[in-house]
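What follows is a short report on a single structure.
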Ligand SMILES: Cc1cc2nc3c(=O)[nH]c(=O)nc-3n(C[C@H](O)[C@H](O)[C@H](O)COP(=O)(O)OP(=O)(O)OC[C@H]3O[C@@H](n4cnc5c(N)ncnc54)[C@H](O)[C@@H]3O)c2cc1C
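In the numbering used here, the protein residues as written are 65 to 445.
Structural data, given as structure tokens:
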């Protein structure tokens, strides 16, 4: 019997599996696709901290970003330029494969082209390249993405909201080291233009409704000739419960994505490391009760739970804002003193501290008034 079975070989699955194997546990990682890292459903923008937590080589980096330009509905820019590397744009397929390779070297056994299609007590039922199997485990880590079949089979509550996303890779001549953000492209979230090296960029948006129509219009405004098309879903708002019945949910399966950016790799991989630590402790003690597993949820919440909660409220407020209100907020933030605060204190993985700092700044009072009004609409809705 394996100590731990990890379902899903995305970054969170392989990070959890690697950390388990490094602690001496016998670890099996099951992936339904025959090739790890394919298909890609990601823009590949990782903060420098997110890049580090993945423990991959710099070969996966396609471009390095030093800031962002946020455009209002009239195209007026708000430039946040840190003047130093803040994020990397990666080849996401290569990142997944390097993470899986490191896990295999640490001793993880992989079972590819095999889907988990059921659970029978403390065993997963699989079908795929090697036929049907029943594989017992001491603990199960569900790293099976936003749709998480395991979470459904176990009856776990699901993330609060799921956004649909579309993205195209296009030829691009603009700033090669600044991310473009376009709130007006999608009133439920935002649109993005992320340079990906070699004069190409990833142009995409996410939202709750009219996503295809909005995406077609946005893509048309950015050249239109698509060289690679990606579609996917992004969970928002963590699931109410992320452990139980010998199972831990990590990454997208648990809804551990930053609601302010849609980035899930930093929080997801960190959740995977917390999960692996708890799995190792449980295996060591030979105790797998829910109260033992609860340590996992406590730890990810201590680490970044408050960030996700504040991010969730900011997203709900953003979704209530009109175009005029968003433009007014951006106009208020265009003040050089405020941009300087954003440059100095902005952290794309932990934006709550900056949000707190900004709303207590007198120069942002006008924008804060708009946020409060939109917040009240959110509460009344
Ligand atoms: C368009 C788009 C752009 C994004 N851009 C960014 C970005 O720039 N930066 C960022 O940080 N995040 C981004 N994200 C989010 C990021 O892609 C996810 O948060 C991240 O992939 C989550 O990793 P994961 O390992 O939890 O899940 P996944 O990467 O989804 O991996 C889950 C794996 O489980 C496998 N699986 C599913 N079911 C089964 C089963 N029954 N049996 C076996 N295997 C199974 C799947 O095949 C898959 O390989 C983006 C998402 C989208 C959709």
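Every residue gets a Cβ at the ideal spot worked out from N, C-alpha and C, and that includes glycine. All values reported here derive from a predicted model rather than from experimental measurement.
task: Using 10 angstroms around the beta-carbon of residue 108, count the other beta-carbons present and answer buried if the total reaches 16, otherwise exposed.
output: Locating residue 108 in the chain shown gives position 44, counting from the first residue. Answer is buried; the Cβ neighbour count reaches 16.
- request: My understanding is that residue 334 touches residue 367, with C-beta atoms under 8 Å, so please give their C-beta distance in whole angstroms.
  value: In the chain shown, residue 334 corresponds to position 270, counting from 1. In the chain shown, residue 367 corresponds to position 303, counting from 1. Rounded, the Cβ-Cβ distance is 6 Å, consistent with contact.
Span separating the alpha-carbon of residue 78 from that of residue 361: Numbered from its first residue, the chain shown carries residue 78 at position 14. Numbered from its first residue, the chain shown carries residue 361 at position 297. So the two alpha carbons sit approximately 19 Å from each other.
- request: Let me know the secondary structure DSSP gives residue 400 once reduced to three states.
  value: For the purposes of this step, residue 400 is taken as residue 336 along the chain shown, with counting starting at 1. Three-state result, residue 400: helix.
task: Measuring alpha carbon to alpha carbon, tell me which of 153, 283, 188, 322 ends up nearest residue 241.
output: Counting from 1 along the chain shown, the entry for residue 241 is found at position 177. Ranking 153, 283, 188, 322 by Cα distance to residue 241 puts 153 first.
- prompt: Skipping 5 residues on each side, what residues in its chain have a beta carbon closer than 6 Å to that of residue 158?
  reply: Here the question's residue 158 lines up with position 94 in the chain shown. So the qualifying residues of the chain are 124.
field: Among 338, 389, 348, 300, the one whose alpha carbon lies nearest that of residue 371
entry: One-based indexing of the chain shown puts residue 371 at position 307. Selected option, being the one with the closest Cα: 300.
query: Taking buried to mean at least 16 other C-beta atoms within 10 Å of its own C-beta, is residue 426 buried or exposed?
result: Your numbering for residue 426 matches position 362 in the chain shown. Answer is exposed; the Cβ neighbour count stays below 16.
The segment 384-393 contacting the segment 299-316, beta-carbon criterion three pairs below 8 Å: no
task: Please classify residue 129: is it buried, with 16 or more other beta-carbons within 10 angstroms of its beta-carbon, or exposed?
output: Sequence index remark: in the chain shown, residue 129 carries index 65 (1-based). Buried: at least 16 other Cβ atoms inside 10 Å.
message: Just to confirm my understanding: we take residue 239, look at its own chain, exclude 5 residues before and 5 after, and list those with CB closer than 8 Å. What are they?
response: Taking the chain shown and counting its residues from 1, one reaches residue 239 at position 175. Cβ neighbours of residue 239 beyond the five flanking positions: 133, 259.
query: Assuming residue 337 contacts residue 83 under a Cβ cut-off of 8 Å, what Cβ separation, rounded to an integer in Å, is found between them?
result: Counted from its first residue, the chain shown places residue 337 at position 273. Counted from its first residue, the chain shown places residue 83 at position 19. About 5 Å separates the two Cβ atoms, so the contact holds.
message: Given a cut-off of 8 Å on the beta-carbon distance, is the pair residue 342 and residue 204 in contact?
response: Position 278 of the chain shown holds residue 342. Position 140 of the chain shown holds residue 204. Contact: no.
message: Using only the alpha-carbon positions, how far apart do residue 424 and residue 377 sit?
response: Here residue 424 is taken as the residue at index 360 of the chain shown, counted from 1. Here residue 377 is taken as the residue at index 313 of the chain shown, counted from 1. Approximately 17 Å between the Cα atoms of the pair.
- prompt: Where residue 285 and residue 278 are concerned, what is the direct C-alpha to C-alpha distance, given to the nearest angstrom?
  reply: For the purposes of this step, residue 285 is taken as residue 221 along the chain shown, with counting starting at 1. For the purposes of this step, residue 278 is taken as residue 214 along the chain shown, with counting starting at 1. Straight-line Cα distance between these residues: approximately 11 Å.
- prompt: In chain order, what residues of the same chain have a beta carbon less than 6 Å from the beta carbon of residue 406, not counting five sequence neighbours either side?
  reply: Here residue 406 is taken as the residue at index 342 of the chain shown, counted from 1. For residue 406, where only same-chain residues beyond five positions count, the Cβ hits under 6 Å are 144.
query: Quick one: is the Cβ of residue 215 within less than 7 Å of any heavy atom of ligand 1?
result: Counted from its first residue, the chain shown places residue 215 at position 151. Outside the cutoff, so no.
Among 86, 216, 269, the one whose alpha carbon lies nearest that of residue 230: To locate residue 230, count along the chain shown from 1; it is residue 166. Among 86, 216, 269, the Cα nearest to that of residue 230 is on 269.
- prompt: Would the C-beta of residue 245 count as close to ligand 1, meaning under 7 Å from any of its heavy atoms?
  reply: Along the chain shown, read from residue 1 onward, the residue named residue 245 stands at position 181. Checking the Cβ of residue 245 against ligand 1 gives no.
message: Taking the alpha-carbon of residue 267 as reference, which of 280, 116, 233 has the nearest alpha-carbon?
response: Within the chain shown, the letter at position 203 stands for residue 267. The shortest Cα separation from residue 267 among 280, 116, 233 belongs to 233.
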